[in-house]
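Asker:
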Amino acid sequence: MKIWIAWGSLLVGMVAVALRPAPSDAPIRERRVEVPVRVEVPVEVPRIVEKVRVETHTIEKEIPVAKVPPKLAGVSLAHEKMLFLFERELDLKAEQRRFMEKVLAERELEIAEVQRSIIATGIFRARDYENRVRAMQAMSYERMGEVLDEPQRHRFVGLLAEGRLGDAVMFEVPPTLVVVEN
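With this note's numbering as the guide, the letters of the sequence shown map in order to residues 27 to 208.
(1) Would you kindly report the start and end of the unbroken alpha helix (DSSP H) that includes F125?
(2) Please state the DSSP three-state secondary structure of R190.
(3) Please state whether DSSP places R46 in a helix, a strand or coil.
(4) According to DSSP, what are the bridge partners of F150?
(5) So, with DSSP's three-state summary, where would you put M40?
(6) How would you call H105, buried or exposed, if buried means at least 16 neighbouring beta carbons within 10 angstroms?
(7) Please state if the CB of A138 and the CB of V205 are separated by a distance shorter than 8 Å.
(8) Comparing alpha-carbon positions, which option in M162, S166 and I144 lies nearest P201?
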């Protein structure tokens, strides 16, 4: 009787192994998970002094502080995050980053001017505003693409296509404006 149990167990094991599903021939796809990144701009400290006590006297040792690149006026936190993404994904050179920073600052000033003119007229045409802002964004992306080499440009176009830039433009409509949905 014990032999039959052993043979039965062996038979059940072989059937289980034979009936298991075969590995899939489908290619394995890479998945990217986007993790929100909080970019903090470091504050420049003029001098850090470390005091070390040696027996009875104090020795002061100056620790060098990393220089923070000057921030252009008009560059918002959203643009800092975008620049961080560009540096990480496109391997930007210093002059490329400065140019992109300049383009984003100019674009932000242009959009602010459009918003001021809307407030001055007192009429907010939503579709017209969206079209103007999208055109400004597209023009700035075109200008940024000009300073990139070919592999960087392909990755840049991929970032734009994926919508990973988080490039929303905020405009708080004051209650004094007349809103027209075109």
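Note that beta-carbon positions come from the ideal geometry of N, C-alpha and C, so glycine has one too.
Answerer: The answer reads as follows:
(1) The residue given as residue 125 occupies position 99 in the sequence shown. Per DSSP, F125 belongs to the alpha helix (DSSP H) from A120 to T147.
(2) Here residue 190 is taken as the residue at index 164 of the sequence shown, counted from 1. It is coil, neither helix nor strand.
(3) As a working mapping, residue 46 is identified with position 20 in the sequence shown. DSSP places R46 in coil when its eight states are reduced to three.
(4) Within the sequence shown, numbered from 1, the residue matching residue 150 stands at position 124. According to DSSP, which records beta bridges pairwise, F150 is partnered with V205.
(5) Position 14 of the sequence shown holds residue 40. The answer is helix: DSSP assigns M40 an H, G or I state.
(6) Residue mapping note: residue 105 aligns to position 79 of the sequence shown, counting from 1. So H105 ends up on the buried side.
(7) Residue numbering aside, residue 205 sits at position 179 when the sequence shown is read from its first letter. Residue numbering aside, residue 138 sits at position 112 when the sequence shown is read from its first letter. No, Cβ-Cβ distance for V205 and A138 is not below 8 Å.
(8) Taking the first residue of the sequence shown as position 1, residue 201 is located at position 175. Checked all of M162, S166 and I144; the closest Cα to P201 is I144.
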